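Protein chains: 2
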Amino acid sequence: MQEIHTSVSQQGFEDLRPAHGFAFARVSAGGATTADLAEHLGVTKQAAAQLVEELVRKGYVERRPHPHDARARLLGLTETGWAATRAADQAARAAVAPWREVLGEARFSELVADLTLLAPPGPIRPAW
Amino acid sequence: MQEIHTSVSQQGFEDLRPAHGFAFARVSAGGATTADLAEHLGVTKQAAAQLVEELVRKGYVERRPHPHDARARLLGLTETGWAATRAADQAARAAVAPWREVLGEARFSELVADLTLLAPPGPIRPAW
DNA sequence: TCCATTTAGACAAGCTACTTGTCTAGATAG
DNA sequence: CTATCTAGACAAGTAGCTTGTCTAAATGGA
Chain W
2 MQEIHTSVSQ
12 QGFEDLRPAH
22 GFAFARVSAG
32 GATTADLAEH
42 LGVTKQAAAQ
52 LVEELVRKGY
62 VERRPHPHDA
72 RARLLGLTET
82 GWAATRAADQ
92 AARAAVAPWR
102 EVLGEARFSE
112 LVADLTLLAP
122 PGPIRPAW
Chain S
2 MQEIHTSVSQ
12 QGFEDLRPAH
22 GFAFARVSAG
32 GATTADLAEH
42 LGVTKQAAAQ
52 LVEELVRKGY
62 VERRPHPHDA
72 RARLLGLTET
82 GWAATRAADQ
92 AARAAVAPWR
102 EVLGEARFSE
112 LVADLTLLAP
122 PGPIRPAW
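As they're listed, the protein sequences go chains W and S.
Just so we're aligned, residue 2 is where the first sequence starts under our numbering, counting upward by one.
Just so we're aligned, residue 2 is where the second sequence starts under our numbering, counting upward by one.
Spelled out as structure tokens, the structure:
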């Protein structure tokens, strides 16, 4: 996790913090409002609004009018936002690559399968 | 993690938070000073001192004179501290028990072995 | 069609677990 | 015995959340 963040920072996205990645994941999926994001992250609407405000100010996220609801704004990634997402994906793959090597292909596949099976549902939260 | 915390709280240790467990782990190992604890947790000495102060006030930890260094204090668990540690150990075992069931004994053992192998060295830190 | 309720999001204030900076007393090295 | 280092206390500041409140728009039932 820290490793991914370091790599992304070094690629010029120094104003992003690890938690932002989970926001990007929801926004890039499309159709997200601030309230949706709050639920996905497991925080209050206010906290999500602050996070969105920050990402908009830094140029990663855009607020667009919602087609059916004049109160809500649809969130979307800017081109910069997509670039950061690609950098993070790549860093994440690089971070787990050594695991493949240490465990061997078969054990690694099992590990991924087992962890996928055990992954709890619900919002994304820090470990404590 | 959250599960362990909930269980420990319900057993009467409501004034403990998840991060405290990692402090207990270092203190129970023996020979810990506040500065040692800071290093183990990956925080500043001041943050560790605040945490220790809180745990002392709540009756989980004691400060004892250091045998060779009049500046330092040796930290130790009180009986209450040990009781909380036992409760947490038990809760942790209970939390992973379902994994055993889902994966089967063989796959579970492999999972534990693999994760132990991959566990990074260094201080204990939240996921982000 | 109206009214009561719910919902999206903004605004304000407060809290908590940290941080940086500074200080003193005691340990350690030359 | 002097210079430097270290354990930990004291003080102030900060980031990322929280609770509480408000407005405007959507929704649903009579």
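From the three backbone atoms N, C-alpha and C, an ideal C-beta is built for every residue, glycine too.
Computed from a predicted model, the values in this text were never measured in an experiment.
Under 8 angstroms, Cβ to Cβ, is there at least one residue of chain W near D90/S? No, because no Cβ of chain W sits closer than 8 angstroms to the Cβ of D90/S.
Pick helix, strand or coil for A93/W, following the three-state DSSP scheme. In this structure, DSSP gives A93/W a helical state, which the three-state scheme calls helix.
Does DSSP put E63/S in a helix, a strand or coil? Residue state, collapsed to three classes: strand.
Does any residue of chain S have a CB that is nearer than 8 angstroms to the CB of P122/W? No, P122/W does not count as interfacial toward chain S.
Using 8 angstroms as the limit for Cβ to Cβ distance, is D115/W near chain S? At least one chain S Cβ lies under 8 angstroms of D115/W.
Just verifying my parser: in three-state terms, what is the DSSP assignment at A33/S? Correct three-state label for A33/S: strand.
If you measure from the beta carbon of E111/W to each beta carbon in chain S, is any gap under 8 angstroms? Look at E111/W: its C-beta is under 8 angstroms from a C-beta on chain S.
L118/S at chain W interface by Cβ criterion, 8 angstroms: Yes, L118/S lies at the interface with chain W (some Cβ there is under 8 angstroms from its Cβ).
For the beta strand (DSSP E) containing P74/S, list its first residue and its last residue. Checking the displayed sequence, the identity of residue 74/S turns out to be Arg instead of Pro. Boundaries of the beta strand (DSSP E) around R74/S: 74-78.
V103/S: contacting residues in chain W (beta-carbon distance under 9 angstroms): Going along chain W in sequence order, the residues near V103/S (Cβ under 9 angstroms) are D115, L118, L119.
Beta-carbon separation (whole angstroms), L119/S vs V113/W, contact threshold 8 angstroms: Contact between L119/S and V113/W fails: their C-beta atoms lie close to 12 angstroms from each other, not under 8 angstroms.
Taking all protein chains shown into account, do 16 or more other C-beta atoms lie within 10 angstroms of the C-beta of A24/W, making it buried, or fewer, making it exposed? It is buried - the Cβ of A24/W has at least 16 other Cβ atoms within 10 Å.
Among the candidates E4/W, V44/W, V9/W, F109/W, whose CA atom is the shortest distance from the CA of P127/W? Minimum Cα distance to P127/W is reached at V44/W.
State the DSSP-derived secondary structure class of V44/W, mapped to helix, strand or coil. In this structure, V44/W counts as coil in the three-state DSSP scheme.
Backbone CA spacing between R64/W and L75/W [nearest angstrom]: Between the alpha carbons of R64/W and L75/W lies a distance of about 6 angstroms.
8 angstroms contact criterion, which V28/W and L78/W should meet: CB distance rounded: With a Cβ gap of about 6 angstroms, V28/W and L78/W count as contacting.
Can you round the beta-carbon distance between V53/S and T81/S to whole angstroms, since I take them to be within the 8 angstroms contact cut? About 15 angstroms separates the beta carbon of V53/S from that of T81/S, a gap too long to meet the 8 angstroms contact definition.
Backbone CA spacing between Q47/S and A107/W [nearest angstrom]: Cα-Cα distance, rounded: 46 angstroms.
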